[in-house]
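What follows is one structure encoded as structure tokens, with my remarks underneath.
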Amino acid sequence: MSIRYLRWVLVLISTFFLFTYSAQAQNIIGNKKSTSIDEPLDSDFNQLYLVFAGPYPASPSSAFGHLFLLVEPKGGDTSNPQLWRAINFAADVEGHSGISTLYNGLIGNLEGSFEHLPFYKKIRDYSYSEARDLWLFPIELTPKEKHRFANFINSRQDSTSQYRFSDKNCATYISKSLHYSFDEPFENKVFVLPQDVISDGFINQRLSTPLWIQDIEGQLGELVSKYELNNLANPNLDSLDATEKVHFLKTYEWLYNNRSIRFDAEKKELIRKLRYDIAQQETDYEFNQLESKEFDIHHPARIGVNYFYGDDSSNRLLVDTRLGLHGFSDKANTYPKYDYIDIFRIRAMVSRSEVLMDEFWIFHQSSRQPKSELNNPLSWSLGLGGDRFLYEGQSLMALGIYSAVGKSYSILDDLWSSSMILSANPTYLEKHTWSLIVNPKVENRIFVSQNVKGMVEVSNPIFLQSNEVFSPRLNFNGVYSITDNIYFTSEIEWQSKQVRVLGGINFNLSL
Amino acid sequence: MTKRLLLLCGITISLFLASCVTLTKGTSQLVTINSNVEDAGVYLNGAQIGETPFAQEIKKGKDALVIKKEGYKSHTLSLSKSLEPIFWGNIITGGTLGSITDFATGAAYSYSPSSYQVELYKKGEGQEAFLNRYELRKYALLNITDIAVDLGNNGGDHLETLITLADLPYNQQSIDLIQSKFETSNGNEIVFGKEVVKLLDA
């Protein structure tokens, strides 16, 4: 695939993004760097961290996450992570409109540089504004390597470098700085993605178990559910202890700032009173604490080769190529477990006489966050591409927009979750015309172990033009992971007495 | 009938998803504007429509308000500008670089939906003084609950950060000073922001 072609894929993805999520940044007016850290970096620091900000659900092309560096000073200076020095490589888009930024970023006509700023700003940007997890990987450096790292960073403090989305981005320059520190050669690639940097041989062997800052939505999820149901409408303040008051306030802030729930003057006054109260009392409230947590991530690209059998006695080879962050077939403990993000995917059936598209996505993301309570977060899917459906006895591709909402429930802890989803897909149906496909479905995900899992899905696609209402489709998927990057998959699909079976091996690959 | 019902559900879902981009309903929205200076004029299309603190319904699409005050540089508050370029910068770059020129005539940020804090640039004021004030107030407004928790616990990361931004040493005396500012504000984030920036002048 030529570089030019890959760039146009990014254009398509971002264009899609423009029309679907154009208001996500509404709370970020003027949320730019203001007080940066201007002093040169002292090489006598305590610890360097490679920080991975998880995928941004509102941004398909940021679904690979983001990388930056964090420097913890010597113990005597401060143990407060908010004041540690974050070193972020970013593009200077001043004077560019959105489209101009996109175009110039694609062709490499932007300049970027390292900015140094206190970590609290990055926590606010990522954990609060964009609801991303932050993973802080400690990097083992010798004193000499620390010195080389400081030299590299300081030498670039007032300089700019070419910025291009594909290969001269944050991950590129972070990787370059680390390779320089290790005194190892750095080779630029066609694509440089955050997870590739984390799994880079020279870098990965220096990383240890990361510290984790869960995104604020995740932190508050349970509190919001609890207080939405019980205390929020008519809180009985006398019954709340100091810690519960804090929980109430955090919930309020979340609802008010992120869900645009309006509160009247009386409620606002109540909030202020609560703030005043908690400032007078000791609490055991703990948010945003750094927690050590195992992290696994796989390579971003995948190629799968499967044997396909259809009940019309067709035997085909099914080739699955994909670029993305996480899919259901990836190992159970890879991050993010319940977000499935394809940035680009083609699944094609190949026989001696023809090649048939089976699935095609320019972008597809599904978020399922199963909880054991009824009032859990919304599950959703959004995609631009196509899937194959059985329509009046014919297997046809339906290309268009795929959107779905529903709820996910944890039936048996992390072992079994069930999602009830209703999708509405305005699509172009191959050989026919435009159609709306409404597809209610129930997905059951069963995690037998880290390496073995399965999904049972029952759905009933209904087409706008068709008189057929009841046409259930049954899918069984099985996954057996050999490593983080090699796994077997199998699938059985049944609909209208037609069966298709496939099984094969898949490899996650570095770009 | 069943099919029509299902299709209706589907269309409703599509509309729901599409409407996710519209965070306010109706043809107007209640906009609240506070400023670092009292009685700054709020102008729409050249005509004054109020003063800070400002709270009025503004028609959607009327997205540029100018905040003016004698002795300060005028600042144009764009109610929809937030869609870009920061938005686009966040796409792949993971964030855009800040720019000093963004602060040449002041700066604004939203601290809750349709509520804006505008920091006007005093004529003749040094850039560093402006940025320090801007950052301290913003931190106080956006983190007031966490700061309140730390005050209750007589210490904590948020409190330390606030005190550092106020250019004070992190010790009991500074904590007591912030506590007194907090009590004066009575838990009101705008008043608390005003109180803590006074520390920079002290």
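Protein sequence lines, in the order shown, are assigned to chains Z and R.
Each residue of the first sequence is one higher than the one before, starting from 3 at the first, in the working numbering.
Each residue of the second sequence is one higher than the one before, starting from 1144 at the first, in the working numbering.
All C-beta atoms, glycine included, are put in the ideal place defined by N, C-alpha and C.
For clarity, every value in this text was computed on a predicted model and none was experimentally measured.
- Setting aside the 5 residues that flank it on each side, Z/K295 is surrounded in the same chain by W214, each with a C-beta closer than 6 Å to its C-beta; the list follows chain order.
- Cβ contact annotation for R/G1336 (same chain, cutoff 6 Å, sequence separation greater than five): R1280, A1283 and L1284, in chain order.
- In the three-state reduction of the DSSP assignment, R/S1171 falls in the strand class, which pools E and B.
- Taking a Cβ-Cβ threshold of 8 Å, none of the residues of chain Z is close to R/A1283; the smallest such distance is about 12 Å.
- With fewer than 16 other Cβ atoms inside 10 Å of its own Cβ, Z/E293 counts as exposed.
- Z/Q216 places its beta carbon 7 Å or farther from that of Z/D127.
- Residues of chain R with a Cβ closer than 7 Å to the Cβ of Z/K252 are, in chain order, T1288.
- In the DSSP assignment, R/K1211 is bridged to R/G1184.
- Spatial neighbours of R/I1306 in its own chain (CB-CB distance under 7 Å, excluding positions within 5 residues in sequence) are listed in chain order as Y1313, S1317 and I1321.
- Z/Q84 belongs to the set of residues whose beta carbon lies under 7 Å from a beta carbon in chain R.
- Z/H300 and Z/S201 have their C-alpha atoms roughly 8 Å apart.
- The DSSP assignment places complete beta strand (DSSP E) segments of no fewer than 3 residues inside the stretch 57 to 109 of chain Z at 68 to 74 and 87 to 94, in order along the chain.
- Within the stretch 264 to 284 of chain Z, the residues whose Cβ lies closer than 7 Å to some Cβ of chain R are R274, K275, R277, Y278, I280, A281, Q282, Q283 and E284, listed in chain order.
- Taking each of Z/Q467, Z/E495, Z/L431 and Z/L272 in turn and checking the Cα distance to Z/S461, the smallest one comes out for Z/E495.
- For the stretch 1307 to 1323 of chain R, the set of positions with a beta-carbon nearer than 9 Å to some beta-carbon of chain Z reads T1307, L1308, Y1313 and Q1322 in chain order.
- As computed with DSSP, Z/G385 is found in a beta bridge with Z/H366 and Z/Y404.
- For Z/R274, the enclosing alpha helix (DSSP H) begins and ends at A267 to I280.
- Within chain Z, no residue has its CB atom less than 7 Å from the CB of R/L1263, the nearest being about 13 Å off.
- The C-alpha of Z/G77 lies about 29 Å from the C-alpha of R/Y1277.
- Within a 10 Å sphere around the beta-carbon of Z/F116 sit 16 or more other beta-carbons, which makes this residue buried.
- Within chain R, no residue has its CB atom less than 8 Å from the CB of Z/E445, the nearest being about 16 Å off.
- Contact note: R/A1291 reaches chain Z through R277, I280 and A281, using a C-beta cutoff of 7 Å and chain order.
- Residue state for Z/T485 is assigned as coil, using DSSP reduced to three classes.
- Residue pairing by DSSP puts R/Y1252 in a beta bridge opposite R/Q1260.
- Straight-line measurement puts the Cα of Z/R318 at about 5 Å from the Cα of Z/S353.
- A straight line joining the alpha-carbon of Z/D415 with that of Z/S374 spans about 8 Å.
- Sequence-ordered contacts of the stretch 1328 to 1341 of chain R with chain Z read N1329, G1330 and N1331 [C-beta pairs closer than 7 Å].
- Shown here, Z/I299 sits in coil according to DSSP, grouped into three states, outside any helix or strand.
- With a contact defined as Cβ atoms closer than 8 Å, Z/V307 and Z/G506 qualify at about 5 Å.
- Taking the CA atoms as reference points, Z/I423 sits about 8 Å from Z/S381.
- Among the residues of the stretch 1191 to 1216 of chain R, none has a Cβ less than 9 Å away from any Cβ of chain Z.
- Around the beta carbon of R/A1272, fewer than 16 other beta carbons sit within 10 angstroms, so the residue counts as exposed.
- In chain order, T1175 place their CB closer than 7 Å to the CB of R/S1258, counting only its own chain and leaving out the 5 sequence neighbours on each side.
- Under DSSP, R/A1198 forms a beta bridge with R/T1175.
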